[in-house]
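Undergrad:
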Amino acid sequence: MTNSSRYMVANGVIPKHVITLLFVTLCLYTFTFAQSRVAVPAWGNWTHWGDQGNGTYRNPILPGDYSDVDCIRVGGYYYAVSSTFQYSPGFVILKSKDLVNWQILGHAVKDISTISPAMNYTQMNRYGKGIWAGAIRYHNKRFWIYFGDPDEGYFMSSAAKPEGPWEPLHRVWAEKGWDDCCPFWDEDGQGYLIGTHFADGYKIHLFKMTADGKSLIKDSDKVIYQSNGSEANKLYKINGYYYHLFSEVRNNVRVLMMERSKNIWGPYEAPRQLSEGQPEFNEPNQGGLVQTQTGGWYFLTHHGSGDWSGRILSLLPVTWMEGWPVIGKPNANGIGEMVWSAPMPVKSTRKTHPQSSDDFDAKTIQPQWEWNYQSKKDQWSLSERKGWLRLHAFKPLKDHILFAGNTLTQRVYRTSKNTVTVKFDLRGMADGQKAGLSHFGAPRYATLGFECAGQVKKLVFGTKNQAMPGPEIKGNDIWLRSVWGLDGKSTFSYSSDGKVFKTFGEPYQLQWGSYRGDRIAIYNYNPSARKGYIDIDYLHYDYGQ
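Residue numbers (the UniProt record's numbering): 1 to 545.
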């Protein structure tokens, strides 16, 4: 691919020759055939997902919390980004060669307290806020990300490589009440930003940007659309048309919409509905359009009605009909419906899934991990004890896991069998210290951990509404485990040798809260004083990869 073609694909400017009648016909036939062979599953009842190893894939492709997704292709790789709210590092970036097999590449925002001090461990008062939906684009041989914080405005960063280093975060728009922004650069190099002012009736605004992409030209502001809950904005230029992709609420269901114009400022043709809301499938309704190397089109989308697994990812084939994309399988009305199985967009070489297990042998925290709020950096270490993660205990804002700094989390997955096992060394615990394993999702949670009183350490199971003391822990080494399946009902257990596990506590139904799915977390704090530590040898998470 030439540099000019790569530029056009990355920014939604697509040559005419890639969309042909033959391609549309073949897509319609292929998608219909693939769908006819796959029974429609009840929501959440999937035993197979992702790459099937036979040239097809099944949705969801990632049954984990990758909300507000956007996607581009640069050369032979695809890059996706997802909102991360109060977790740090923020704005996760994933990489794939085929749109189905993904791994976590890293994060664009190293320190989310640069957004606001409220995102630091010293305040921790922005649950459900922080990094909301954004977009990723490739322009002038750099990767660019833009996103919104509902209280702080729009932010951006750029990098020569998607794995970074990313330049320091820059505030583009310092106003409250905005979300779901997306940059766009036209062929002449002029940059634009589109976004929703949800605090003012969900009006969608279009701005010119300065040449460096770091400021909006306020005098250029124009409202180009407004409807019920209109957001999830993306801008593309295809065959001379500017396509504005967004979602809105119709009949109490959020659906994908699109309007188009020959002029970026409009007037735009009346918007068309691209896909059915399908609440029985948790509303696949927000994501990014992307074109493969061979000319095929796909829509990487989250399912917008979250549950305990979060807002999971599916990949929907796109059919172009009369110059408009149809997301999924076209129905009799020319509107797309959910597709559960289809041929792989690109031939895969091997199945891969996002990282989960960690032996803490690396010099840095691995990319699957995100702290709850920005961490206190001098209170954790991967070097004080080689091959172990050491968490020092310090006083929380309140005697409560939701207000304890340095809680380390990662996403859970909705698969047939999930097993998380963590090995702890407790010899460094001090009086008053609390630590352990948690299913974490504000405001609900469940913990199986340890509490130290004097020299005595006891096992304790807890939820938001109860605490259940357990046996005294005699040795230093102890293993904690959580197991759950497609129903999201977790069972905790513990072991003194890593082989024989005893169930303790009550079954816990994983929960959705603050726009987030459940997370696995390791916590450690001391309400009485800054003293004590725990060492973690490993966390092994098998979710059926």
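In this text, a Cβ means the ideal position worked out from N, Cα and C, and glycines have one as well.
Check the DSSP bridge columns for Lys203 and list the partner residues they point to.
TA: Translated into positions along the sequence shown, residue 203 becomes position 203. Looking at the DSSP assignment, Lys203 forms a beta bridge with His197 and Gln226.
Undergrad: Within the continuous beta strand (DSSP E) that includes Met338, where are the two ends?
TA: Walking along the sequence shown from the start, residue 338 turns up at place 338. That residue, Met338, is in no beta strand (DSSP E); it is neither H nor E in DSSP.
Undergrad: Have a look at the DSSP bridge pairing and note the partners of Cys182.
TA: Along the sequence shown, read from residue 1 onward, the residue named residue 182 stands at position 182. According to DSSP, which records beta bridges pairwise, Cys182 is partnered with Ile194.
Undergrad: For a cutoff of 9 Å on Cβ pairs, would you count Lys386 as touching chain C?
TA: Looking at the structure shown, chain C is missing, and only one protein chain is on hand.
Undergrad: Run through the stretch 351 to 408 for me and flag every whole alpha helix (DSSP H) of 4 or more residues, listed as ranges in chain order.
TA: none
Undergrad: For Leu539, does the three-state DSSP call read helix, strand or coil?
TA: Within the sequence shown, numbered from 1, the residue matching residue 539 stands at position 539. The answer is strand: DSSP assigns Leu539 an E or B state.
Undergrad: If you measure between the beta carbons of Lys203 and Thr210, is that distance less than 9 Å?
TA: Taking the first residue of the sequence shown as 1, we reach residue 203 at position 203. Taking the first residue of the sequence shown as 1, we reach residue 210 at position 210. No.
Undergrad: Is Thr292 closer than 9 Å to Ile327 when the C-beta atoms are compared?
TA: For the purposes of this step, residue 327 is taken as the residue at position 327 of the sequence shown. For the purposes of this step, residue 292 is taken as the residue at position 292 of the sequence shown. Remark: C-beta atoms of Ile327 and Thr292 do not approach each other more closely than 9 Å.
Undergrad: Cα separation between Asn101 and Gly76?
TA: As a working mapping, residue 101 is identified with position 101 in the sequence shown. As a working mapping, residue 76 is identified with position 76 in the sequence shown. Each residue's alpha carbon lies about 14 Å from the other.
Undergrad: Can you name, in chain order, every residue of its own chain whose Cβ lies under 8 Å from the Cβ of Lys97, other than the five neighbours on each side?
TA: Counting from one through the sequence shown, the residue named residue 97 turns up at place 97. Excluding sequence neighbours, Lys97 sits near Gly76, Tyr77, Tyr78, Val346, Ser348 and Thr349.
Undergrad: May I ask which residues mark the beginning and end of the beta strand (DSSP E) holding Thr421?
TA: On the sequence shown, position 421 is the one that residue 421 refers to. Thr421 -> beta strand (DSSP E) spans Asn418 to Asp425.
Undergrad: Where do the N-terminal and C-terminal ends of the beta strand (DSSP E) with Thr447 fall, by residue?
TA: Mapped onto the sequence shown, residue 447 falls at position 447. It spans Arg444 to Ala453 - the beta strand (DSSP E) in which Thr447 sits, taken as one unbroken run.
Undergrad: If you draw a straight line from the C-alpha of Ser495 to the C-alpha of Gly505, how long is it?
TA: Locating residue 495 in the sequence shown gives position 495, counting from the first residue. Locating residue 505 in the sequence shown gives position 505, counting from the first residue. The alpha-carbon atoms of Ser495 and Gly505 are separated by roughly 14 Å.
Undergrad: Classify Ile217: buried if its beta carbon has 16 or more other beta carbons within 10 angstroms, exposed otherwise.
TA: Taking the sequence shown and counting its residues from 1, one reaches residue 217 at position 217. Exposed, because fewer than 16 other Cβ atoms sit within 10 Å of the Cβ of Ile217.
Undergrad: Please state the DSSP three-state secondary structure of Glu280.
TA: Stepping through the sequence shown from its first residue, residue 280 is reached at position 280. The answer is helix: DSSP assigns Glu280 an H, G or I state.
Undergrad: Under three-state DSSP, which class holds residue 547?
TA: Beyond the ends of the chain as shown, which are 1 and 545, falls residue 547; an answer cannot be given.
Undergrad: In whole angstroms, what separates the C-alpha of Trp297 from that of Lys176?
TA: On the sequence shown, residue 297 is found 297 positions in, with the first residue counted as 1. On the sequence shown, residue 176 is found 176 positions in, with the first residue counted as 1. Rounded to whole angstroms, Trp297 to Lys176 spans 35 Å at the Cα level.
Undergrad: For Met257, report the span of its beta strand (DSSP E) as first-last.
TA: Residue numbering aside, residue 257 sits at position 257 when the sequence shown is read from its first letter. That run of the beta strand (DSSP E) goes Val253 to Ser261.
Undergrad: For Tyr57, write down the residues that DSSP places opposite it in a beta bridge.
TA: The count along the sequence shown starts at 1 and reaches residue 57 at position 57. Paired residues: Asp51 and Ala342.
Undergrad: For Ser514, which residues from the same chain have a beta carbon less than 6 Å from its beta carbon, with the 5 sequence-adjacent residues on both sides left out?
TA: Here residue 514 refers to the residue found at position 514 of the sequence shown. Answer for Ser514: Tyr127, Gly128 and Ala442, listed in chain order.
Undergrad: Could you tell me the distance, in whole angstroms, from the CA atom of Asp149 to the CA atom of Leu316?
TA: Residue mapping note: residue 149 aligns to position 149 of the sequence shown, counting from 1. Residue mapping note: residue 316 aligns to position 316 of the sequence shown, counting from 1. When rounded, the distance between both Cα atoms is 28 Å.
Undergrad: Could you pull the start and end residues of the beta strand (DSSP E) that Glu472 belongs to?
TA: What you label residue 472 is simply residue 472 of the sequence shown in a count that begins at 1. Counting along the chain, the beta strand (DSSP E) containing Glu472 begins and ends at Ala467 to Glu472.
Undergrad: What did DSSP end up calling Thr415 once you bin it into helix, strand or coil?
TA: Taking the first residue of the sequence shown as position 1, residue 415 is located at position 415. Note: Thr415 maps to coil in three-state DSSP.
Undergrad: Let me check understanding here. Comparing Cα to Cα, which of Val500, Asp359, Thr352 and Tyr243 lies closest to Trp320?
TA: Sequence index remark: in the sequence shown, residue 320 carries index 320 (1-based). Per the Cα distances, Tyr243.
Undergrad: Using the beta-carbon count (16 or more within 10 Å), is Thr419 buried or exposed?
TA: Looking up residue 419 in the sequence shown gives position 419. The residue in question, Thr419, is exposed, as its Cβ has fewer than 16 Cβ neighbours within 10 Å.
Undergrad: Can Asn233 and Asp188 be called in contact, C-beta distance under 9 Å?
TA: Start at 1 with the first residue of the sequence shown, and residue 233 comes out as number 233. Start at 1 with the first residue of the sequence shown, and residue 188 comes out as number 188. No.
Undergrad: Helix, strand or coil: how does DSSP classify Thr292 here?
TA: Along the sequence shown, read from residue 1 onward, the residue named residue 292 stands at position 292. Looking at Thr292 - three-state DSSP - the assignment turns out to be coil, as it is neither helix nor strand.
Undergrad: Rounded to the nearest angstrom, how far is the Cβ of Thr352 from that of Gln52, given a contact under 8 Å?
TA: Translated into positions along the sequence shown, residue 352 becomes position 352. Translated into positions along the sequence shown, residue 52 becomes position 52. About 14 Å separates the two Cβ atoms, so there is no contact after all.
Undergrad: Is Ile264 helix, strand or coil by DSSP?
TA: Along the sequence shown, one-based indexing puts residue 264 at 264. Three-state result, Ile264: coil.
Undergrad: Mapping the DSSP letters down to three states, classify Thr491 as helix, strand or coil.
TA: Mapped onto the sequence shown, residue 491 falls at position 491. Three-state DSSP puts Thr491 in a strand.
Undergrad: May I ask you to report which of helix, strand or coil DSSP gives Ser528?
TA: Taking the first residue of the sequence shown as 1, we reach residue 528 at position 528. Note: Ser528 maps to coil in three-state DSSP.
Undergrad: Take the Cβ of Asn140 as the centre, count every other Cβ of all protein chains shown within 10 Å, and call the residue buried at 16 or more, exposed below.
TA: Numbered from 1 along the sequence shown, position 140 holds the residue referred to as residue 140. Counting Cβ neighbours within 10 Å, Asn140 comes out exposed, since fewer than 16 surround it.
Undergrad: Suppose contacts are defined by Cβ-Cβ distances below 9 Å. Is Cys182 in contact with Asp70 by that definition?
TA: Here residue 182 refers to the residue found at position 182 of the sequence shown. Here residue 70 refers to the residue found at position 70 of the sequence shown. Cβ atoms of Cys182 and Asp70: closer than 9 Å.
Undergrad: I want to know whether the stretch 247 to 261 touches the stretch 273 to 293 - three or more CB-CB distances under 8 Å.
TA: yes
Undergrad: Which partner residues of Gly106 appear in the DSSP bridge assignment?
TA: As a working note, residue 106 is residue 106 in the sequence shown. Partner(s): Ile93.
Undergrad: Note down, one range per segment and in chain order, each beta strand (DSSP E) of at least 3 residues found wholly within the stretch 111 to 192.
TA: 134 to 139, 142 to 149, 153 to 159, 170 to 173 and 179 to 185
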